[in-house]
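Notes to accompany the following structure.
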Amino acid sequence: LAKTTQPISMDSYEGQEVNITCSHNNIATNDYITWYQQFPSQGPRFIIQGYKTKVTNEVASLFIPADRKSSTLSLPRVSLSDTAVYYCLVGDLGYNTDKLIFGTGTRLQVFP
Amino acid sequence: DTGVSQDPRHKITKRGQNVTFRCDPISEHNRLYWYRQTLGQGPEFLTYFQNEAQLEKSRLLSDRFSAERPKGSFSTLEIQRTEQGDSAMYLCASSPPGWRDLSYEQYFGPGTRLTVT
Numbered sequence: 001l002a003k004t005t006q007p008i009s010m011d012s013y014e015g016q017e018v019n020i021t022c023s024h025n026n027i028a029t030n031d032y033i034t035w036y037q038q039f040p041s042q043g044p045r046f047i048i049q050g051y052k053t054k055v056t057n058e059v060a061s062l063f064i065p066a067d068r069k070s071s072t073l074s075l076p077r078v079s080l081s082d083t084a085v086y087y088c089l090v091g092d093l094g095y096n097t098d099k100l101i102f103g104t105g106t107r108l109q110v111f112p
Numbered sequence: 113d114t115g116v117s118q119d120p121r122h123k124i125t126k127r128g129q130n131v132t133f134r135c136d137p138i139s140e141h142n143r144l145y146w147y148r149q150t151l152g153q154g155p156e157f158l159t160y161f162q163n164e165a166q167l168e169k170s171r172l173l174s175d176r177f178s179a180e181r182p183k184g185s186f187s188t189l190e191i192q193r194t195e196q197g198d199s200a201m202y203l204c205a206s207s208p209p210g211w212r213d214l215s216y217e218q219y220f221g222p223g224t225r226l227t228v229t
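First to last, the sequence lines map onto chains R and L.
Each residue of the first sequence is one higher than the one before, starting from 1 at the first, in our numbering.
Each residue of the second sequence is one higher than the one before, starting from 113 at the first, in our numbering.
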């Protein structure tokens, strides 16, 4: 499974756009990129997933360059409730395994 | 759909005691997962069931740990002879059949926080 590297923490203010970049230099052809969000004392929650180019949903956007060696999670106009830990996961969508491999994540703190 | 539920939410036990946690997945979800999370770390995979069959176990799951899903619905995770190092949040997740054709999404419960004194 490809190892991921992401910043340990980030700070932002309400209303700003937040971009969290994840490096995955050894990503394999069959690997997808998935982001989860976790609030304190809760289980992680799926945010978004992509394979290449750009994916957007009602919560976030995911930008993946052509070489797929990195990806950027973009959160538009964050609010205080976006304060959480964000995990970048890279894997082959369970074709060889069904387990999720989490790193230490990025702790996002949003200030008023 | 009430989501994944776990019971109890908190458990304090003395070292050497046995504890058992329960997870009720989302109905119709045939896949069920257990993870463990310690402070400041991401969740670590422990084991996975498809229906009642336990298909994968992590090396983290020592012989003191056992998980069951007897009827393919709820699951239990038992820890025997607890140690202080077992203190963690134990998370359960589930996913529906055919999820590989959809998104790589597992639905997590709120977790059971275990404290071993």
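Ideal placement from N, C-alpha and C gives every residue a C-beta, glycine not left out.
All values derive from a computational prediction rather than experimental measurement.
Report yes or no: is there a C-beta of chain R within less than 8 Å of the C-beta of residue i?
i	result
L:Leu151	no
L:Ala200	no
L:Leu203	yes
L:Phe220	yes
L:Gly184	no
L:Gly197	no
L:Pro208	no
L:Pro155	yes
L:Gly223	yes
L:Glu168	yes
L:Glu164	no
CB-CB under 7 Å to residue i, same chain, minus the five flanking residues each way: which ones, in chain order?
i	result
L:Glu195	Arg127, Val228
R:Asn25	Lys69
R:Ser79	Glu14, Val110
R:Ile27	Ala2, Arg68, Lys69, Val90
L:Pro120	Thr224
L:Pro182	Glu164
Evaluate residue i with the Cβ neighbour count: other Cβ atoms within 10 Å of its Cβ, from every protein chain shown; 16 or more gives buried, anything less gives exposed.
i	result
R:Tyr13	exposed
L:Gly115	exposed
L:Leu173	buried
R:Phe46	buried
L:Phe220	buried
R:Ala60	buried
R:Gly105	buried
Over the uninterrupted beta strand (DSSP E) stretch that includes residue i, give me the two end residues.
i	result
L:Arg143	143-149
R:Gly50	45-50
R:Gly91	84-91
R:Lys3	It is not in any beta strand (DSSP E) - R:Lys3 carries neither H nor E in the DSSP assignment.
L:Val131	131-136
R:Arg107	106-111
R:Leu19	This sequence places Asn at residue 19 of chain R; Leu is not what is there. Residues 18-23.
L:Ile191	187-191
L:Lys169	165-169
L:Gly162	It is worth fixing the name first, because residue 162 of chain L is Gln in this sequence and not Gly. Element bounds for L:Gln162: 156-162.
R:Lys54	53-56
Between residue i and residue j, what straight-line distance do the alpha-carbon atoms span, to the nearest angstrom?
i	j	result
L:Glu190	L:Arg176	8 Å
L:Gln149	L:Pro222	12 Å
L:Leu203	L:Lys169	15 Å
R:Asp82	L:Arg225	23 Å
R:Phe63	R:Met10	18 Å
R:Arg107	L:Gln166	33 Å
R:Ala84	R:Ser41	11 Å
L:Tyr160	R:Asp67	32 Å
L:Asn163	L:Pro137	11 Å
R:Asn57	L:Asn130	44 Å
State yes or no: is the beta carbon of residue i nearer than 8 Å to at least one beta carbon in chain L?
i	result
R:Phe63	no
R:Lys52	no
R:Gln42	yes
R:Arg45	yes
R:Phe102	yes
R:Lys3	no
R:Tyr87	yes
By Cβ distance, which residues of its chain are closer than 6 Å to residue i, with the 5 residues on each side in sequence left out?
i	result
L:Thr188	Thr132, Arg134, Glu180
L:Arg171	none
R:Gly15	Arg77
L:Met201	Gln149, Gly223, Arg225
L:Phe157	Tyr147, Ser170
Within its chain, find whatever has a CB closer than 8 Å to the CB of residue i; leave out the 5 residues flanking it on each side and keep chain order.
i	result
R:Glu17	Ser74, Leu75, Pro76, Arg77, Val78
R:Lys52	Ile64, Ala66, Arg68
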